Amino acid sequence: MRRTCWVKTLALAGWLLSACTPSSNQSNTLFKEILPAESGIDFNNRLTESAEFNIIEYLYFYNGGGVAIGDVNQDGLPDLFFTSNQGPNKLFINLGDFRFKDTTESAGIKKSGNWSTGVTMADVNGDGWLDIYVCGVGGYKRFNSRNQLWINNQDGTFTEQAATYGLDFQGLSTQASFFDYDNDGDLDVYLLNHSVHSVRSYGRTSSRLDVDPAAGDRLYRNELNSGTTHFTDMTGPSGIYSSALGYGLGISTSDIDMDGWTDIYVSNDFRENDYLYLNNHDGTFREVSATSLSHSSRFSMGNDVGDINNDGFPDIMTTDMMPADEQVIKASVGEDSYEIYKYKLSYGFSYQVARNALQLNQGNGVFSDIGWLAGVAATDWSWSPLLVDLDNDGNRDVFVSNGIMRRPNDLDYLNFISNDSAQRLSDEEMYRHMPPGKVGNFAFRNRGDLTFENQSVSWGLNKPGYANGAAYGDLNNDGFVDLVVNNINEPAGIFRNTQTDSLKRGLTVAFNGYGSNQLGVNTKVFAYSGGSRQYYEVGNARGFQSCSDHRLNLTTGNDTLDSLWVIWPDGAFESLRHPTQDNLMVLDHGHATGKFDYHRIQPSTSILKPETSFESPEYRHDENDYVSFNEQGLMPHMVSAEGPPLTVGDINGDGLDDFFVGGGPGQPGTIYQQNRNGKFLKMKQPALEADSAWEDTGALLFDANGDHHLDLLVVAGGDEHVDATLYQPRLYLGHQSGVFQLQAKALPPISLNASCVKGGDMDGDGDIDLFIGARSMPGKYGVLPLSFVLENNGRGVFTDVSLNLPGGNQALGLITDAAWLDLDKNGLMDLLIVGEWMAPKLLMQDGNGHFRDASIQYGLDKLEGWWNSLAVADVDQDGDLDFVAGNLGLNSRLRATVQQPLEMWVGDFDNNGSTEQLLTYYNQGVSYPFVSRDQLVKQLPGLRKKFLKYDKYTHATIDDILDMEQRKRAIHLSAVELQSCYFDNRNGHFKVTPLPREAQVFPIRSALMDDLNNDGFPDLLAVGNLYATQPDFGRYDAGRGLLMLGGVQGFRSLAPGLSGFSPVGDTRVVKAVSTSKRDKIYIVSGNNIQLQAFHH
């Protein structure tokens, strides 16, 4: 049915309804809950526990029901359908002004069986009217439901025809999404099912190919366009997994890679990874989560797809169970131990984290989880995430439904049921020992800078309860989105958006489609206003077990809508200039006369591109399996996986750059020599091969002995070596042939777990002296190690002059990087160093070969952080040296400020000869130990009696763990700044500015300054990540490389999809290499991965 006939009526209705809506000054919140007495919606998903029906018998007993929003009677007002797990499902017709009528009985709708789950509204038969598909659980124990398809009779009644259409599936169904995966003009369906714990649900990832008739997902192709009222099961031929490994709880269908074909994202609970299926354009899909996602949520619940940063690429949010409240964190099951974590990986599963994930689409096929940076990672037992603009400022906000009737992951409960006495209890006695999990919903306002602000209270959405399915739609056509929530054992939540500002009113857009896709499902709209762009796509299933309104609500804040791009699933395209200023609009496929070229979305050119001719097939860094946590169970991350280093120079004097890349333990470092064709060939180096036992962590090519041949200094590290010689630096002298020989007596007998070696003419005598930074004391993270300054005698023999450091103190910190520079232009080289748990430190020479600490003088105090790297250049071209320092970043559970620092106490607290590290961090204004109770008592068994129950540990602070005397004896370290920063030299004092938000997404382990866009200002290439972390921190793996363009005011970032710079993995070093074939290439090394290279 065409919808133009009701546009004017709908516009008038919307105006009248908004006119009689109470003004916002009658409510202190953005949303007001409309109670059942006012709305007429008396639906309540009442859940009755019994001996047959409970969480012991059915894993997902508390998952609740769903809600669908859509205009089923075509009067211009969205109607509501609720599913009840045990009770009747309900249809409510919208009468206007937030009044609804229960028409379930008159509509002919009757529930099948005894357990319903998700619901979707979609035009299944292509007649332009919304039909209703209801999922359920059947064929399992005492559950007997079968999925239902209610076909709209266009007269207020529905007829159940699931069997006729081949969609009467019986099994463990969660939700269905209707979309056109083959672009033939009708709606196909992905049926999301879930497993229950059984022998079939455990095993290796190879069992994904084993079909499970009840738990496996299904993909059905609609045969409507061939004249058949039926769906064909295409699961196997399409490449969709249909096994018992999948615990499917969330489904979104959207064009995620922006190629004109709809893709699929599936949230899986438990050990199975989420699925990201990209459409192959031929009726098949390829599952790419392992390469596109660095990790996924571990207990993925619902998900939603939407563009949260207005870059035109869809982002993905999944929910999990990470609490925000510290007491719940400490009382609940957290991450697996490191051993179990590695064991799961050995079964073929990819990386997972037990928290919400907000996967930022980088525009080049890869995503970065920015959940911690964004502030949305921890929302407790969460179900439905909705990415929608709630305040009409032009940015998508986040709503999360929340709560569970009982917490089965409570640690004291699990301890209780593990006792022998508990085995005699009935199911009822067992589940009644679970604590309640009543939690408020969350609402986050999008600040427009990749971060979100918790507005749950001020927006009136934080009511505690057990909220599951949730959906959004403009229920009164006033241009502001409302929310509907399905609650357990409480009335459904109807939340009216109280905004009335006409300047911020959204534009409601409906669609007149084509063929059997009359409602325009998967149609894209780009809205342009005020120099910004918003991206929308028509869908149905989103969140959890729910379906939001098909109509779009275009929002632009206070800006005027300038133009629209409308792209239909068949590629038909329409561009509209200055669209209607009414609050309602219908877009018609018949008006789309163009054909859209998706290359218009992708950048036509990028600054850098992968260097495909760069070949080093013999080299892949090989890290060993040593686990520092076995000896130091409380350290936050390992320092035994720091390599490989990378250093560049012309080793054979032919005018071409060559390079050295270090090896892991048992792997020799390698030299690659460049030939005239720009190829890099591995050189045989017997001396390096003989020293393969060392773990290379730093390297420098320089002329040590003045013979005009580059020599090689390699420093070693690791945390596991007993033999002190494996921590000794090695100097290899170079020759015309390019072959290096070890010079055993060139260096003093020093031994250290080194992080870096830096060369500079410290004493102005024309040769290169050295600084060697120490990363840590092996086996004693947090104890300050000794770093070294070595003076060259001009013949390549070095003397230890470290006593020239300030106060003769070599314990400078946990050093990660350093740089020689003449900062005050007095002709003497100064030393700038950074490291963990310290502020950047500037050591300036006094003219007598001694150094003084000038950090405070230059404004570098009170900046203690987890600094990783340095890059020095005259960024603003004002004639002095500035620098960039890479830090941990903000995409972490950890936060640090001067008022609320991150702290660590280090010592042998149980007097057993080992070193313990107790990390504390602030959560909601209180400092808590980061470590779980189990980790704590494993390392300090004497505390077991004090914290016999987990509940006793939930409020513990460092004062409850260490007494006053222990704290006095401990090494106390702190950090107050975790952002990577730009340090602008302002006449001998540094102005500190955080790098762009995108640079805070990952730990920057290396940065390089070079003018890549030829504007005269140095630009910045940054690489990083840190995989060797405790599971409770999760891998820092969001880094996909970053190019930041420099200028007078600092730096601005380019996404990898625009810059072309996108190294993957646990990257360590980036270096520029001049080549005979190209001006430069940029080589990136990484831990346990191959080299990568990029060119202009």
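Using this note's numbering, count along the sequence shown one by one with no gaps and you end on 1258.
For every residue, glycine included, the Cβ atom is placed at its ideal position computed from N, Cα and C.
The structure displayed is predicted, hence computed values, not measured ones.
Please state the DSSP three-state secondary structure of residue i.
i       : result
ILE1018 : coil
ARG1167 : strand
LEU349  : coil
LYS844  : strand
TRP291  : coil
GLY258  : strand
ASN720  : coil
VAL945  : coil
TRP312  : strand
TRP534  : helix
PRO1002 : coil
LEU1098 : helix
VAL361  : helix
PRO798  : coil
GLU736  : strand
GLU219  : coil
LEU850  : helix
LEU549  : strand
SER156  : An answer regarding residue 156 cannot be provided, because it is not within the stretch 163 to 1258 covered by the chain.
LEU587  : coil
PRO1156 : strand
ASP1121 : helix
ILE579  : helix
SER278  : strand
VAL1246 : strand
If you check the beta carbons only, do residue i and residue j fall under 8 angstroms apart?
i       : j       : result
HIS712  : VAL728  : no
ASN518  : GLY533  : yes
ALA632  : LEU612  : no
ARG1095 : TYR1112 : yes
ARG658  : PHE193  : yes
GLY922  : MET1006 : no
ASP1194 : GLY232  : no
ALA377  : LEU334  : yes
LEU1253 : VAL823  : yes
LEU952  : LEU909  : yes
GLY202  : ALA269  : no
ALA1001 : ASP1023 : yes
Which residue or residues does DSSP assign as beta-bridge partners of residue i?
i      : result
LYS600 : The partner list for LYS600 (beta bridge, DSSP) is empty, contrary to what the question assumes.
ASN659 : PHE193
CYS918 : GLY935
ASN608 : PHE614
ASN206 : PRO653
VAL877 : GLY860
So, is residue i buried or exposed, given that buried needs 16 or more other C-beta atoms within 10 angstroms?
i       : result
PRO240  : buried
GLU591  : exposed
VAL361  : exposed
ALA878  : buried
LEU507  : exposed
LYS1107 : exposed
ASP559  : buried
GLN1211 : exposed
LEU914  : buried
Legend entry - Inter-stretch contact (C-beta, 8 angstroms, three-pair minimum) for the stretch 297-314 and the stretch 263-275: Because the criterion of three Cβ pairs below 8 angstroms is met, the stretch 297-314 and the stretch 263-275 touch.
Legend entry - Cβ pair count under 8 angstroms reaching 3, the stretch 459-477 against the stretch 399-419: Result yes; three or more Cβ-Cβ pairs closer than 8 angstroms.
Inset, instruction - Examine the Cβ distances between the stretch 891-904 and the stretch 847-857 and report whether three or more of them are shorter than 8 angstroms. - result: Counting C-beta pairs closer than 8 angstroms gives three or more between the stretch 891-904 and the stretch 847-857, which meets the contact rule.
Inset, instruction - Kindly confirm or deny that the stretch 1014-1029 and the stretch 495-515 touch, where touching means at least three C-beta pairs closer than 8 angstroms. - result: Output reads no: the stretch 495-515 does not touch the stretch 1014-1029.
Legend entry - Touch test, the stretch 552-568 against the stretch 1095-1108, Cβ-Cβ under 8 angstroms, three pairs minimum: Touching, no.
Inset, instruction - Could you say if the stretch 827-841 and the stretch 1234-1247 meet the contact criterion of at least three C-beta pairs nearer than 8 angstroms? - result: Inter-segment contact for the stretch 827-841 and the stretch 1234-1247 is present: three or more beta-carbon pairs are separated by less than 8 angstroms.
Legend entry - Any 3 or more C-beta pairs closer than 8 angstroms across the stretch 1151-1168 and the stretch 1081-1093: Taking one beta carbon from each stretch, the stretch 1151-1168 and the stretch 1081-1093 have fewer than 3 pairs nearer than 8 angstroms; the two do not touch.
Inset, instruction - Count the C-beta pairs between the stretch 729-746 and the stretch 666-678 that are closer than 8 angstroms, then say yes if the count reaches three, no if not. - result: Yes, the stretch 729-746 touches the stretch 666-678.
Legend entry - At least three beta-carbon pairs within less than 8 angstroms, the stretch 570-582 to the stretch 612-630: The stretch 570-582, when compared against the stretch 612-630, does not touch it at the 8 angstroms Cβ threshold.
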